[in-house]
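Trainee: Supplied in C-alpha cells, the structure appears directly below.
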Amino acid sequence: MGIIETVEQELKQSGAAVTSIGKSVCGNEILCAHRGEYSGKQIIVTAAIHARECYTALAVLRQLRDFHAERGGAYFVPLVNPDGAAFFESGSTFGHEFLRTNAHMRKAWKANADGVDLNCNFDANFGTGAQQSRTAPAAHGYIGEYPLCAPESRALAGFTSSIGPAATVSYHCMGGELYWQFFQDEARRQRDGAFAAAVAKHIGVQKVDGELSSAGGYKDWCVQKLGIPAVTIELIKRGNHPFGPSDYDDDITANADLPMFILDYLYGENYV
Ligand SMILES: [Zn+2]
Numbered sequence: 045m046g047i048i049e050t051v052e053q054e055l056k057q058s059g060a061a062v063t064s065i066g067k068s069v070c071g072n073e074i075l076c077a078h079r080g081e082y083s084g085k086q087i088i089v090t091a092a093i094h095a096r097e098c099y100t101a102l103a104v105l106r107q108l109r110d111f112h113a114e115r116g117g118a119y120f121v122p123l124v125n126p127d128g129a130a131f132f133e134s135g136s137t138f139g140h141e142f143l144r145t146n147a148h149m150r151k152a153w154k155a156n157a158d159g160v161d162l163n164c165n166f167d168a169n170f171g172t173g174a175q176q177s178r179t180a181p182a183a184h185g186y187i188g189e190y191p192l193c194a195p196e197s198r199a200l201a202g203f204t205s206s207i208g209p210a211a212t213v214s215y216h217c218m219g220g221e222l223y224w225q226f227f228q229d230e231a232r233r234q235r236d237g238a239f240a241a242a243v244a245k246h247i248g249v250q251k252v253d254g255e256l257s258s259a260g261g262y263k264d265w266c267v268q269k270l271g272i273p274a275v276t277i278e279l280i281k282r283g284n285h286p287f288g289p290s291d292y293d294d295d296i297t298a299n300a301d302l303p304m305f306i307l308d309y310l311y312g313e314n315y316v
C-alpha cells in the first residue's frame with residue numbers, strides 16, 4: 045500500500061474527525077484529522093510538504109493514534125504534498141506532464157507536481173532565500189511565480205489562518221535538528237526560543253539558532269504572519285536520501301507524545 049492510501053486508511057480508522065483542507069495539483073485530497081477539544085488552544089502538526097520526506101507522515105499518524113490531551117486539541121495534516129509523495133515513492137505521475145518528463149528525478153524530488161517547492165512558496169520574505177531559484181520549476185528550490193501560487197501551500201495557509209493555532213510543527217528530513225527563528229522581535233524571540241528548546245530537548249534533536257538563509261517556509265509564515273511559535277523538525281540524524289519507512293522508526297517513537305507535550309507547555313504558567 046502506498047503512502048497516500050496508508051494515510052487515508054489510518055485517518056479513517058482513527059475515529060478522529062477527518063476533513064480535506066484542499067486538493068493538490070493532481071486532484072488528491074490533502075487530508076486533516078482532529079483530536080481533542082475544539083475549544084481551547086489548538087496546534088497544527090504537518091508533515092511531508094517535501095516529496096522525498098514523505099514518510100515523516102508516519103510520525104504524525106503515530107501521534108494521531110496516541111493522542112490523549114486533557115485540554116485543547118490538535119489538527120494533523122500528515123501528507124501536505126500527496127502528488128510529490130506518490131511520485132517519489134512509486135513514480136506515479138497522475139498523467140501530469142511535468143512529472144512524466146522528470147521521472148528520472150523522482151528519488152530526489154521535493155517539489156509539488158508543478159515543480160514548485162511548497163516550503164519556499166509561503167508569503168514570508170518570499171524570494172529572498174539564498175539557495176532558492178526564481179526562474180524555473182525544478183525538483184526542489186523553485187519558489188513559484190508568486191506567494192501561495194501552489195494549491196497545496198494555499199490550502200495549508202488558508203486552513204491554518206482559519207484555525208488560528210497556538211503553535212505549529214512541521215516535519216522534514218533530515219539532520220536531527222530543529223529550526224524556529226525567523227526575525228522575531230526580542231519578546232517573541234525569548235518566548236519562541238524557550239518553546240523551541242523545550243521541544244528539541246523532549247524529542248532529542250539539536251536546536252539551531254539564528255536567521256538561516258531560507259525564506260518562504262510554512263514555519264517562517266507562521267512566525268511572521270500569525271505571531272506564534274512554529275518549529276521545523278528535521279528527522280533522521282544520519283544517512284543519505286532516499287529514506288524508506290523503517291528509517292524513521294526511532295524518530296516515530298521519540299515524537300509520539302509531542303502534541304501532548306506541546307499542549308501542556310502552552311497551558312503552562314510560564315508560557316505567555
Ligand atoms: Zn524538507
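Taking our numbering, the leading residue of the sequence shown gets 45, the next gets one more, and so forth.
Each residue gets a CB set at the ideal place from its N, CA and C atoms; glycine is no exception.
1. Under 7 angstroms, Cβ to Cβ, is there at least one residue of chain D near arginine 115?
2. Across which residues does DSSP place glutamine 86 in a beta bridge pair?
3. Since histidine 246 is in the alpha helix (DSSP H), which residue starts that stretch and which ends it?
4. So for glutamate 49, helix, strand or coil by DSSP?
5. Please list, following the chain, all residues that have a C-beta closer than 7 angstroms to any non-hydrogen atom of ligand 1.
6. Among Ala240, Asn163, Gln268, whose alpha-carbon lies nearest the alpha-carbon of tyrosine 315?
7. Hey, would you say valine 160 sits closer than 7 angstroms to alanine 194, going by beta carbons?
8. Exposed or buried, what is tyrosine 82 when buried is set at 16 or more other beta-carbons lying within 10 Å of its beta-carbon?
9. Residue ranges of each alpha helix (DSSP H) run of no fewer than 4 residues wholly in the stretch 123-153, ordered along the chain?
10. What is the DSSP secondary structure of glycine 271, counted as helix, strand or coil?
11. Identify whether cysteine 98 lies in helix, strand or coil by the three-state DSSP scheme.
12. Among all the DSSP beta bridges, which residues are the ones paired with glycine 219?
13. Cβ of leucine 123 within 7 angstroms of Cβ of alanine 92?
14. Go ahead and label glutamate 114 buried or exposed: buried means 16 or more other beta carbons lie within 10 angstroms of its beta carbon, across all protein chains shown.
15. Please report the straight-line C-alpha distance between glycine 80 and histidine 148, rounded to a whole angstrom.
16. So, glycine 188 versus serine 177, is the Cβ gap smaller than 7 angstroms?
Mentor: The short version:
1. No chain D is part of this structure, which consists of one protein chain only.
2. Indexing the sequence shown from 1 puts residue 86 at position 42. Its beta-bridge partners are Gly117.
3. Here residue 246 refers to the residue found at position 202 of the sequence shown. That run of the alpha helix (DSSP H) goes 230-247.
4. Here residue 49 refers to the residue found at position 5 of the sequence shown. Three-state result, glutamate 49: helix.
5. Ile93, His94, Glu97, Lys154, Asn163, His216, Cys217
6. Working through the sequence shown from its first residue, we reach residue 315 at position 271. Among Ala240, Asn163, Gln268, the Cα nearest to that of tyrosine 315 belongs to Ala240.
7. Along the sequence shown, read from residue 1 onward, the residue named residue 160 stands at position 116. Along the sequence shown, read from residue 1 onward, the residue named residue 194 stands at position 150. Yes, Cβ-Cβ distance for valine 160 and alanine 194 is below 7 angstroms.
8. Working through the sequence shown from its first residue, we reach residue 82 at position 38. Looking at its Cβ environment, which holds fewer than 16 other Cβ atoms inside 10 Å, tyrosine 82 is exposed.
9. 126-134, 141-144
10. Mapped onto the sequence shown, residue 271 falls at position 227. Glycine 271 falls in the coil class under three-state DSSP.
11. Position 54 of the sequence shown, counted from the start, is the residue given in the question as residue 98. Residue state, collapsed to three classes: helix.
12. Indexing the sequence shown from 1 puts residue 219 at position 175. Answer by DSSP bridge pairing: none, since glycine 219 is not bridged.
13. Counting from one through the sequence shown, the residue named residue 123 turns up at place 79. Counting from one through the sequence shown, the residue named residue 92 turns up at place 48. Contact: yes.
14. The residue given as residue 114 occupies position 70 in the sequence shown. By the neighbour-count rule (16 or more Cβ atoms within 10 Å), glutamate 114 is not buried but exposed.
15. On the sequence shown, position 36 is the one that residue 80 refers to. On the sequence shown, position 104 is the one that residue 148 refers to. Roughly 43 angstroms separates the two Cα atoms.
16. Start at 1 with the first residue of the sequence shown, and residue 188 comes out as number 144. Start at 1 with the first residue of the sequence shown, and residue 177 comes out as number 133. Taking 7 angstroms as the cut-off, the Cβ atoms of glycine 188 and serine 177 do not count as close.
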